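Reviewing the structure listed below.
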Amino acid sequence: MPQDHSIRTDSKWLIKIENKNTKRIVKNKSRENQMAQIETEQLQLKEIYQLSFDIFSKYGCDNNNATALARTVETAERDGSLSHGLFRIPGYIASLKSGKVKGSAQPKVENNMASIVSVDADHGYAPFALERGLPVLAQAANQTGIAIMKITNTFHFAALWPETEFLAEKGLVGVACTVYKPAVAPAGAGQAFFGTNPLSFAWPRPGKTPVVFDMATSTLAMGDVQIAARDGHELPHGTGLGPDGKPSDDPAEILKGVLLPFGGYKGSAISLMVELLSAGMTGDNFSYEAGENENNDGGPTKGGELVIAINPELVAGAGWADHSEGFFQKLEELEGIRVPGERRHKNRLDLGARNINKELLEKLRDLLQAVYP
Ligand code: NDP
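In my numbering, the protein residues as written are 20 to 392.
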């Protein structure tokens, strides 16, 4: 099976892909250090799906919502997006239990204006709202060249690549973004105001897997900081500040303090754009508003999501695919290059079992066995 290697390095740190699908953040000291023992158990993808579906159903999701959520978890684990797979289930369940999120949400899709699709997610999790809205968005973009979808009254707790990749697989360019609650200090500030504000972009490549990037606009996604804290790894210098406002390498301290935007003031500007597109443009919460109304039950915050679909055939005209393929060919000739999305797409080719953190699995099985309601 294909194996990917270190994905980001500097002299002291690396973020490494191990065992095909595991991203770990480790201090680049020694092999022994990198291989710090984490107990795992193997689960097949269909077992991951079933475990997720059973848990979501038990805690009040109807069939549609449980199916959409379990698919989201399974595809995250399949692709090695570990911070947004099984790891997220306790948080999803916390918000179902607190009543903040509706397990039987019925998203309502409207497409009254040719290029604008509005989805009211009915206070449910995003995956079912996306499942309902994305085909309508794709259809609208194929008619008008460009269309946007605003999703409101939703709770996004997943990766964003599933939505942009859905569009790219239909020959469309996809852009998606959403906000969170204050967790990131804008450049120059010492206090949280932006969310981790992810942004995803996908470009279709007929006959090939699309190029897709999906990234938090903070130095790291919150899930990765939580995983580093759980697994006892330090983080690269510059990731965040502790509660005292001073730079810290300790994920537990950063969880009490703030993350920083990636790339200083430039990343901060992109995070600001994500706030405006996801909240200013949808009418739902900015991160600070989400924070003010949040019950802090451990799940996601209420907010909006903006998804943009562009039809390159209608905008750039025939020949767009060959033209951009020429670009990718030149890019891929450069030594040391890989295009974003490639790691996940390689992981996806492996249909075998995945190594799941044992402690997490025990937590999930406890959820399934607990008496509820
Ligand atoms: P990463 O830093 O791991 O990766 C960001 C992007 O860069 C990915 O598309 C990745 O591609 C690509 N990439 C990584 N290394 C390289 C390389 N060497 N060359 C080229 N491309 C590379 O992601 P983050 O930690 O920032 O975010 C993780 C996830 O968290 C995202 O899916 C995001 O949507 C999610 N998130 C969700 C939130 C929510 O509220 N729902 C909030 C914040 C984050 P590849 O995948 O192929 O490695």
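Glycine included, each C-beta is placed from N, C-alpha and C at the ideal position.
None of the values given here were measured: they were computed from a predicted structure.
Simplified DSSP assignment, three categories, for residue i
i	result
Y199	coil
S343	helix
K321	strand
D233	strand
I57	coil
Y111	helix
G152	helix
A140	strand
N304	coil
F176	coil
F213	strand
I356	coil
G364	The question names Gly, but residue 364 is His in the sequence shown. Helix at H364.
K116	helix
R50	Since pLDDT at R50 reaches only 35, below the 50 mark, its modelled position is unreliable, and no value is offered.
L387	helix
D316	coil
T238	coil
K121	coil
L291	helix
L254	coil
A145	helix
G401	The first residue shown for the chain is 20 and the last is 392, placing residue 401 beyond what the model contains.
E93	helix
E188	coil
S394	Not covered by the structure: residue 394. The range shown for the chain is 20 to 392.
A87	helix
K227	coil
A248	helix
L370	coil
Y78	coil
A157	helix
G299	helix
T183	helix
Q309	Looking at the sequence shown, residue 309 is not Gln but Ala. Three-state DSSP puts A309 in a helix.
G283	helix
G271	The question names Gly, but residue 271 in the sequence shown is Ala. In the structure shown, A271 sits in a helix (DSSP, three-state: H, G or I).
N40	Per-residue confidence for N40 stands at a pLDDT of 41, beneath the threshold of 50, marking its modelled position as unreliable; no derived number is given.
Strand pairing of residue i, partner residues [DSSP]
i	result
M132	I135
I167	I135 and I327
I375	E60
F220	V194 and F232
L260	P266 and V277
K127	D139
Supposed contact pair residue j and residue i - C-beta distance, whole angstroms, cut 8 angstroms
i	j	result
D141	A157	The pair is not a contact, with the Cβ atoms about 22 angstroms apart (cut-off 8 angstroms).
A166	E182	With 8 angstroms as the limit, A166 and E182 do not qualify as a contact, their Cβ atoms being about 13 angstroms apart.
T171	D303	5 angstroms
P126	V138	5 angstroms
L179	D243	So it is not a contact: roughly 15 angstroms between Cβ atoms.
Y78	P201	Actually they are not in contact, since the Cβ atoms of Y78 and P201 sit about 27 angstroms apart, beyond 8 angstroms.
G143	T94	Not a contact, Cβ separation roughly 19 angstroms.
S117	A89	Contact doesn't hold; Cβ gap of about 21 angstroms is too wide.
T197	S297	5 angstroms
R373	Q69	Contact doesn't hold; Cβ gap of about 14 angstroms is too wide.
I108	V120	I108 to V120, Cβ: 13 angstroms. No contact.
V231	A160	About 17 angstroms; that fails the 8 angstroms criterion.
T86	K377	Their Cβ separation, rounded to whole angstroms, is 27 angstroms, which puts T86 and K377 out of contact at 8 angstroms.
T301	L274	Not quite, the Cβ-Cβ distance comes to about 28 angstroms (not below 8 angstroms), so this is no contact.
Short CB-CB distance (under 9 angstroms) between residue i and chain B
i	result
K121	Here chain B cannot be found, since the structure has a single protein chain.
- Three CB pairs or more closer than 8 angstroms across the stretch 308-324 and the stretch 111-119: yes
- Examine the Cβ distances between the stretch 329-337 and the stretch 203-212 and report whether three or more of them are shorter than 8 angstroms. no
- Item | Segment contact, 8 angstroms Cβ cut-off, at least three pairs: the stretch 206-226 with the stretch 272-285 | yes
- Message: Does the stretch 214-231 come into contact with the stretch 256-263, if we say contact requires no fewer than three beta-carbon pairs (one atom in each stretch) closer than 8 angstroms?
- Response: no
- Query: Is the stretch 365-372 close to the stretch 94-109, with three or more CB pairs under 8 angstroms?
  - Reply: yes
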